[in-house]
Amino acid sequence: MPKLAPELYAALSTFAGHRRILVALDFDGTLSPLVDRPEDARPTPQAAQVFEELSQQYGVRTAVVSGRNLDSLTEVYPAPRPENLIGSHGAERRVPSVSSDSPEQPELSASQRANLKELTAKLSEVAQRHEGVSLEYKPSATVLHVRQAPSIEVADAAIIEGQQALAHLDELRLMAGKSVLEASVHSGNKGQALQWLREVLDVDALLFIGDDVTDEDGFRILNREDLGIKVGEGPTLAAHRIETPEMLPELLEFLLSMRN
296 MPKLAPELYA ALSTFAGHRR ILVALDFDGT LSPLVDRPED ARPTPQAAQV
346 FEELSQQYGV RTAVVSGRNL DSLTEVYPAP RPENLIGSHG AERRVPSVSS
396 DSPEQPELSA SQRANLKELT AKLSEVAQRH EGVSLEYKPS ATVLHVRQAP
446 SIEVADAAII EGQQALAHLD ELRLMAGKSV LEASVHSGNK GQALQWLREV
496 LDVDALLFIG DDVTDEDGFR ILNREDLGIK VGEGPTLAAH RIETPEMLPE
546 LLEFLLSMRN
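Here our numbering is used: the first residue of the sequence shown is 296, the next is one more, and so on.
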């Protein structure tokens, strides 16, 4: 198992020195290795255990910030899990310490509901034309999954057709990630959700770890007191990187030891 880079150990030590910190993790590809079927994902047991131990530390808040909707996230992440959950790239928020009159998700307008219905119909047509391509439904988005397509060519063709089919729709956010195309009528992203968490949880510094293109919105909002870590290959705004989700437990254990 590769060890963490010396500069990452140093950055974690500095981060751990802040009085109140938020440790926010993406789920798929970070807490859980990527799998062909989204419903088969589970957090790495050791990572989940250390993440839970971190949440019990004085001055430490934890959160999962995922592209999944909250129902899907709670199905694949057995308890105990962090009480602070962000789903659908920020469209759904479950933070118990925030006043109960704050909705978990914003109510869609009539035009947004109409757009969601139309984009879902268009993506359904695309999925039906390609083997191994399926849809995932969220409160404010529909996702085209191509990981189980029989070839890269089929997967790429489905993604391109999905983008072309939705090009005429206004007020739509298209997010192309790893083997997915998500079409959302919600304009928010993980960066905005992290900024909101920083404020409502009143922390001095934020650690965000993620693997996908959509996690770059989270890395983009980090300041000099914060720490961003990319999982895997690819261009990133994060200052640091680990190779695989299997390295996450060591990272979290080191952070826990620094807080202790």
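Built from N, CA and C at the ideal position, the CB exists for glycine as well.
Since the model is a prediction, treat every value here as computed from it, not as a measurement.
{"Asked": "Inter-stretch contact at 8 Å, needing at least 3 Cβ pairs: the region 447-459 / the region 361-379", "Found": "no"}
{"Asked": "Close Cβ partners of Gly513 (< 7 Å) along its chain, the five nearest in sequence each way excluded", "Found": "Val360, Lys485, Gly486, Leu489, Phe503 and Gly505"}
{"Asked": "Where the alpha helix (DSSP H) containing Thr415 begins and where it ends", "Found": "Ala405 to Arg424"}
{"Asked": "Endpoints, the beta strand (DSSP E) within which Ser474 is located", "Found": "Per DSSP, Ser474 belongs to no beta strand (DSSP E) and is neither H nor E."}
{"Asked": "Val345 beta carbon less than 8 Å from that of Gln541", "Found": "Just to set this straight, residue 541 is Glu in the shown sequence, not Gln. Taking 8 Å as the Cβ cut-off, Glu541 and Val345 do not qualify as a contacting pair."}
{"Asked": "Residues that Ala500 bridges to, as DSSP identifies them", "Found": "Ile316"}
{"Asked": "Segments of 4+ residues assigned as alpha helix (DSSP H) that fall wholly inside the region 358-392", "Found": "365-371"}
{"Asked": "Simplified DSSP state of Asp507, which is helix, strand or coil", "Found": "coil"}
{"Asked": "Alpha-carbon spacing of Ile455 relative to Ala444, whole angstroms", "Found": "14 Å"}
{"Asked": "For Val475, the nearest candidate out of Val428, Ser404 and Lys412 (CA to CA)", "Found": "Val428"}
{"Asked": "Among Ala300, Gln352 and Asp335, nearest to Met553 - alpha-carbon criterion", "Found": "Gln352"}
{"Asked": "Exposure label - Gly523; buried when at least 16 CB within 10 Å", "Found": "buried"}
{"Asked": "Every unbroken beta strand (DSSP E) inside the region 303-355 [3 residues or more]", "Found": "316-320"}
{"Asked": "Validate contact between the region 296-310 and the region 332-350 using beta carbons, cut 8 Å, 3 pairs", "Found": "no"}
{"Asked": "Which listed residue (Leu467, Leu550, Thr325 and Asp497) has its alpha carbon closest to that of Gln407", "Found": "Leu467"}
{"Asked": "Through-space distance from Ser367 to Gly382, alpha-carbon basis", "Found": "9 Å"}
{"Asked": "Separation of Ala405 from Arg536, as counted between CA atoms", "Found": "42 Å"}
{"Asked": "Whole-angstrom distance between Leu365 and Pro338, CA atom to CA atom", "Found": "15 Å"}
{"Asked": "Distance CB(Val616)-CB(Val390) smaller than 8 Å", "Found": "The displayed coordinates of the chain run from 296 to 555. Any statement about residue 616 would go beyond what the structure contains."}
{"Asked": "Chain-order list of residues whose beta-carbon lies under 8 Å from that of Asp507 (same chain, five-residue window excluded)", "Found": "Asp321, Asp323, Gly324, Gly362, Gly472 and Lys473"}
{"Asked": "For Thr509 and Gly527, believed in contact at Cβ under 8 Å, the rounded distance", "Found": "So it is not a contact: roughly 14 Å between Cβ atoms."}
{"Asked": "Cβ neighbours of Pro434 in the same chain (closer than 7 Å, five flanking residues each side left out)", "Found": "Asn364, Ser383, Ala386, Glu387 and Gln400"}
{"Asked": "From Leu303, Glu334 and Val330, residue whose alpha carbon lies closest to that of Arg442", "Found": "Val330"}
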